[in-house]
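To start, the structure itself, in structure tokens.
Residue numbers (the UniProt record's numbering): 1 to 521.
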């Protein structure tokens, strides 16, 4: 058998027969398969004409034919050898859709292969302006996100809506991804096209822990619930990786990804807490406006107030009194929602309860209109600090000339009416609005007869009510034609509803009841 090359190596390192593999590839002339050494680092393959038997050449380069052009190298982190790299170079260039398909499916092996082929995949964007990092954060593919970050993904890249990966992570509630992005250096100060930064998003989603992390310069705390937690970061995400030697406990995906990629955890950017809380979105709302408007986010609003008191004790009042595009302060937003605790906290911080909106309604008008009795109580408790202005504040009228008693009677808030009657010595319960109506007349016209009777029993003037009744009798036919049951007729109509329902029920079950009685009695 003819061979084109022979092996020349150190005498002590001569390859054994089992180290030689047969390459089952015939040459162009149909010759027998060739043999070559399996370890090119230790042996050298040279043409037969140039080889000198018995002379070791350990430092010479491998100059064999195409069967061994370069020494074989160990596989890289992505599991791709140089031979595979050469094969990829012969293929068509990778398209931008491949990395997004891999990102959407969470296939981190495919993501690694694409990144090894071309690291630019970490930064390219699709038609929506989203990078692969935007895609993986939506489904909390933590390992894929870590790979993309390590290969230079833009943490602050914005899609066509101006949203960064951090915005999307907060929107989808991916706490692990949020933590990863923050410690990797993502900026929480960037705003989307709606003017919302990371804290606005946290406030809108009611994510107390995320907002706390953003404002308190801390990592996510351990869950209070008893569940399996990571021994490194002490929080409990989806755990799929295991590390030996750490109390035989599983390691979360985030820590496993960091360990595998040697992530530097000191890249977190300093946060301007006051700047985050002062930032307005396109509607002029600060994070405090958003949380104060939602009764379920009361604890988050109180957290924001606490941060302001700690950071800017002298300037907190100015920040909590900022107006949005509707000329509303956080206090007025809290009054609309009936956030009693937030109202009390904002009043303690110096918010002005006499500030009015475009309809000339102050915070007291708003809480009475909404029927939020705990909030009404919070306002009434502030009568002592207001001193002599309390009487003027209590009798303040809105744009229609209604004071708080008018509003309570108009909307039928009986409990609020009873509480306001306790202050009738300073509150004018017979005041006239711009339509020359007293609170009792409004209660009558709106159909709240029980409230009208309560007002008359507590020294309300009965004359305007009687005049309104006579006028209503004259217009009764017109009211009937319009089908308007907003007055006393609505209560009479509702009173017959249980009787009608009982009669219909007896029509269906009456015969069966009679048969039962005849059979057993």
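Glycine included, every Cβ here is placed at the ideal spot set by N, Cα and C.
Source: prediction; values computed, not measured.
Here residue 184 carries a coil assignment [DSSP, helix/strand/coil]. The beta carbon of residue 157 sits closer than 6 angstroms to those of 131, all from its chain and outside the five residues before and after it, given in chain order. Within the same chain, and ignoring the five residues on either side of residue 450 in sequence, the residues whose Cβ sits closer than 8 angstroms to its Cβ are 414. Residue pairing by DSSP places residue 438 opposite no residue, since no beta bridge is assigned to it. Secondary structure at residue 105: helix, using DSSP grouped into helix, strand and coil. Exposure of residue 512 is indicated by the presence of fewer than 16 other C-beta atoms within 10 angstroms of its C-beta. 391 is the residue among 391, 446, 399, 447 whose C-alpha sits nearest the C-alpha of residue 429.
Within the same chain, and ignoring the five residues on either side of residue 181 in sequence, the residues whose Cβ sits closer than 7 angstroms to its Cβ are 155, 165, 166, 169. Between residue 133 and residue 145, the C-beta gap is smaller than 8 angstroms, which places the two residues in contact. With respect to the 8 angstroms criterion, residue 276 and residue 199 are classified as neighbours on the basis of their beta carbons.
Per DSSP, residue 202 is one residue of the alpha helix (DSSP H) stretching across 198-205.
Taking a C-beta distance under 8 angstroms as the contact criterion, residue 363 and residue 335 qualify as a contact pair.
Between residue 172 and residue 355, the alpha-carbon positions lie close to 37 angstroms from each other.
With respect to the C-alpha of residue 463, the residue from 474, 445, 473, 438 having the closest C-alpha is 438. Secondary structure note for residue 506: its alpha helix (DSSP H) is the uninterrupted segment 497-520. Assigned with DSSP and collapsed to three states, residue 131 falls in strand. When the beta-carbon positions are compared, residue 149 and residue 176 stay at least 8 angstroms from each other. Residues 398, 404, 407 of the same chain have their beta carbon placed closer than 7 angstroms to that of residue 365, with the five preceding and five following residues left out of the count. The criterion of a C-beta distance shorter than 8 angstroms is not satisfied by residue 316 and residue 342.
With contacts defined by Cβ atoms closer than 8 angstroms, residue 426 and residue 444 do not form a contacting pair. In the DSSP annotation of this structure, the continuous segment of the alpha helix (DSSP H) that includes residue 147 starts and ends at 142-150.
In this structure, the beta-carbon distance from residue 410 to residue 446 falls below 8 angstroms. The beta carbons of residue 292 and residue 340 sit no closer together than 8 angstroms. Residue 501 is classed as exposed because its beta carbon has fewer than 16 other beta carbons within 10 Å across all chains shown. Annotated as proximal: residue 147 and residue 115, with beta-carbon spacing under 8 angstroms. For the segment 309-390, the full-length alpha helix (DSSP H) segments reaching 4 residues or more read 316-320, 330-337, 340-348, 363-370, 373-380, 383-386 along the chain. Excluding its 5 nearest sequence neighbours in each direction, residue 192 has C-beta neighbours in its own chain below 8 angstroms: 158, 161, 162, 163, 164, 167, listed in chain order. In the DSSP secondary-structure assignment, residue 125 is bridged to 131. Proximity to residue 204 across 285, 136, 322, 213 peaks at 285, based on C-alpha coordinates. In terms of Cα proximity to residue 461, the closest of 431, 473, 448 is 431.
If you draw a straight line from the Cα of residue 514 to the Cα of residue 499, it is about 21 angstroms long. Following the DSSP letters along the chain, one finds residue 421 inside the alpha helix (DSSP H) bounded by residues 414-421.
For residue 435, the number of other beta carbons within 10 angstroms of its own is below 16, and it is reported as exposed. For residue 460, no alpha helix (DSSP H) run applies, since DSSP gives it neither H nor E.
Residues 414, 417, 418, 421 of the same chain have their beta carbon placed closer than 8 angstroms to that of residue 454, with the five preceding and five following residues left out of the count.
Considering only 137, 457, 441, 458, the residue with the shortest C-alpha distance to residue 472 is 441.
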